[in-house]
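Chains as they are written, first to last, in the UniProt record's numbering: chain B, 1 to 373; chain P, 1 to 373.
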């Protein structure tokens, strides 16, 4: 259930695909779309934040630096330079977009370290989650623990969290302490979310409610997106009401993001997700569409529950995928994502009444859903 | 090689035992000694810092709170209250003693949160180290991962690091950002130390030098004791020179502490260490006395190397213990510890010329060595 998409290798924008055009949903990413604001924002974010991240990682002692640079896609396992990308940079883009929306370009510049800190926290949780979940592939490459072992993966995660908070501790900006307090609180919520995820995976499918699955997704994904937006607001000198609204915006967008990510995890193109198709189903993951399907009360729900309780078989993935779809899991997830996006838009309108100033935030929010809808 | 001693259950001070009185070295702890300043300082520290720690742990979501309270000895695995102690509180005592030495009682009071933060960092590393090292016993109880599983142990460690830095982020004291920066830098050094320890354990005994073993011990143990003292100095408003001297003092005392801890780990009383006698030898740990023995060039060194290369046998521990001792490993470690303590005393005299003001620091430094010498 962890976010699985890597950014397109070229960094080029994706074309918006119509919700009613399923024939293009799973195809290779269209390359022709130009001028998408989100893609430009993400690229600008990477250009601004990557140097801060590289300097931070470069300060690590060699035995931590290597797995860290490997995880970020900047080195191969043998320490040679790699051309791979370090991820979409959605979270730092949200920090910068929120700062910009509420405080203009000066706030955006001031928030660079905070943006890098949020990205470091995100990556520390990815490295640790992969150890716990025994996930072997991330961003099209073997995960850190499979290459460097569990101990070094735990250690490099610990070091990345420390680096994140060091960036804020060394930041003279008056918002830095409040940002650090919020980010540490968010780490605790991320841990609780990962715990809930792991605990839910051990339970029988019919013992897991949709409500707790949504709560888990909010803690595991929404919390950090909300924190990213709140940090941007803090660096813009925003008041408590705006900071809270930006947090709520990020949380709603984050839930939409996770819903779409789960849809992509089952119906997406493995070339884009970096994971084999249906890997979540084969691993009996209780993703949001699956839990919705199980809770649907349809005949397919009962079939799906029985199939989920049975051991893994060859070529079952297509059958499971069909059952989740026919039980309404896919439609539910896409409708939920649209609902969440609507709420997110309300929050951003509340905090940033000027649509032009809010443009970056809206573009990023759309980005997380336009991937399939 | 991780610090293994729990505080005496009664909290009563130990009697100083003469270095030349080996007959009392391994015996039960004498109870008659009264008025030892260090014991009083440690008890005063626990009384002041435990409420801060309990409030911090109490703020965790339930699934993180339980393993955290278990680890600190305040709850049993089933969540019922436990009477056990949470450790010696040496690190927070150093924070408070350094603050007091350089800034009096106002600085000591101001540094309470920093003291709790250092203790949280220490405990986060213990929980994670136990996962990596597969250690099953800590402070006379099963380790967190054996009770709650690897995933929850990793998560609670992550949450404890976040809590530590949250305490500093929410601390309005002007020294808090510099303290947080130093503490995060220390976490990275602790990670590097643990990496070196793990990597060294995988190598053949004759491939490990005494120099790198000492460097590892400094990173793994000295760094946090140095950081504790430096944080206390920062909260006293001390200048760079004093802060650096306090850091050096803590590092030297920390190395002495680790040397003595390794001695106790082999020759100490299991009732006090909480570990079976010779567990480090049975596990082929390259503790400081063992590496010194292997590097001694004595006939026993060759015998020890051969024995360390052979698989574990029943009743070999006594033989290995004798070899390390006859090759000079124990004497070397005790002499080194005395040397380190002398250097530590020089540093403290440099930063705090008034012996009365430095009293607490000196008492704590003596405490870490008087356990066997």
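Don't be surprised by glycine CBs; every beta carbon is placed ideally from N, CA and C.
This structure is a prediction, so every number in the text was calculated from the model and none was measured.
Residue 170 of chain B belongs to the set of residues whose beta carbon lies under 8 Å from a beta carbon in chain P. Each residue's CA atom was taken as its position, placing residue 41 of chain P and residue 147 of chain P some 32 Å apart. Leaving aside the five residues that flank residue 208 of chain B on each side, the residues in its chain whose CB is nearer than 7 Å to its CB run, in chain order, 200, 286, 291.
Out of B:338, B:53, B:330, the CA that lies nearest to the CA of residue 321 of chain B is found in B:330. Taking the Cα positions, residue 260 of chain B is about 23 Å away from residue 298 of chain B. In this structure, the beta-carbon distance from residue 317 of chain B to residue 362 of chain B does not fall below 8 Å. Annotation for residue 190 of chain P: 121, 125, 219, 220, 223, 224 place their beta carbon closer than 8 Å to its own, counting only its chain and skipping 5 residues before and after. In the structure shown, residue 138 of chain P falls within a strand segment according to DSSP collapsed to helix, strand and coil. Apart from the 5 residues on each side of it in sequence, residue 332 of chain B sits with its Cβ closer than 6 Å to the Cβ of 292 in its chain, given in chain order.
For a Cβ distance threshold of 8 Å, nothing in chain P lies close to residue 361 of chain B: the least Cβ distance comes to about 25 Å. Contact between the stretch 229–236 of chain P and the stretch 304–315 of chain P is absent, with fewer than three C-beta pairs closer than 8 Å.
Against chain P, the CB of residue 132 of chain B has a partner CB under 8 Å away; the residue lies at that interface.
Against chain B, a Cβ distance below 7 Å from residue 191 of chain P picks out 64, 155, 158, 159. Inter-segment contact for the stretch 348–360 of chain B and the stretch 75–83 of chain B is absent: fewer than three beta-carbon pairs are separated by less than 8 Å. Any Cβ of chain P closer than 8 Å to the Cβ of residue 152 of chain B would place that residue at the interface, and such an atom is present. Membership of residue 367 of chain B in the alpha helix (DSSP H) is indicated by the continuous run 359–370.
At least 8 Å separates the CB of residue 173 of chain B from every CB of chain P. Close CB contacts of residue 326 of chain B within its chain, under the 6 Å cut and outside five residues either way in sequence, are with 300 (chain order).
Residue 79 of chain P and residue 204 of chain P have their C-alpha atoms spaced approximately 43 Å apart. In this structure, DSSP gives residue 81 of chain P an extended state, which the three-state scheme calls strand. For residue 63 of chain P, the uninterrupted alpha helix (DSSP H) run begins and ends at 62–71, by DSSP. Neighbours of residue 122 of chain P in chain B, taken as residues whose beta carbon is under 9 Å from its own, are absent, since the nearest beta carbon is some 13 Å off.
Residue contact with chain P for residue 181 of chain B: present (Cβ-Cβ distance below 8 Å to some residue of chain P). When the Cα atoms are used, residue 249 of chain P and residue 130 of chain B turn out to be separated by approximately 39 Å.
Pairing residue 76 of chain B with residue 142 of chain B, the inter-Cα distance amounts to about 11 Å. Each residue's CA atom was taken as its position, placing residue 104 of chain B and residue 359 of chain P some 54 Å apart. In the structure shown, residue 161 of chain P falls within a helical segment according to DSSP collapsed to helix, strand and coil. Residue contact check for residue 166 of chain B against chain P: a CB pair falls below 8 Å.
Look at residue 75 of chain P here: in three-state DSSP terms it is strand. Rounded to the nearest whole angstrom, the CA to CA distance from residue 185 of chain B to residue 56 of chain B is 22 Å.
Sequence-distant partners of residue 49 of chain P (beyond 5 residues in either direction) whose C-beta falls short of 7 Å from its own C-beta, in its chain, are 89, 92, 112, 115, 116, 119. Looking at B:267, B:44, B:39, B:70, the one whose alpha-carbon comes closest to that of residue 54 of chain B is B:70. From the listed residues B:151, B:98, B:39, the smallest Cα separation to residue 236 of chain B is found for B:98. Across the stretch 188–214 of chain P, CB contacts with chain B closer than 9 Å involve 188, 189, 190, 191, 192, 194, 195, 196, 198, 199, in sequence order along the chain. Closer than 8 Å to the CB of residue 56 of chain B there is not a single CB belonging to chain P. Beta-carbon to beta-carbon, residue 139 of chain B and residue 87 of chain B are separated by about 7 Å, close enough to satisfy the 8 Å threshold.
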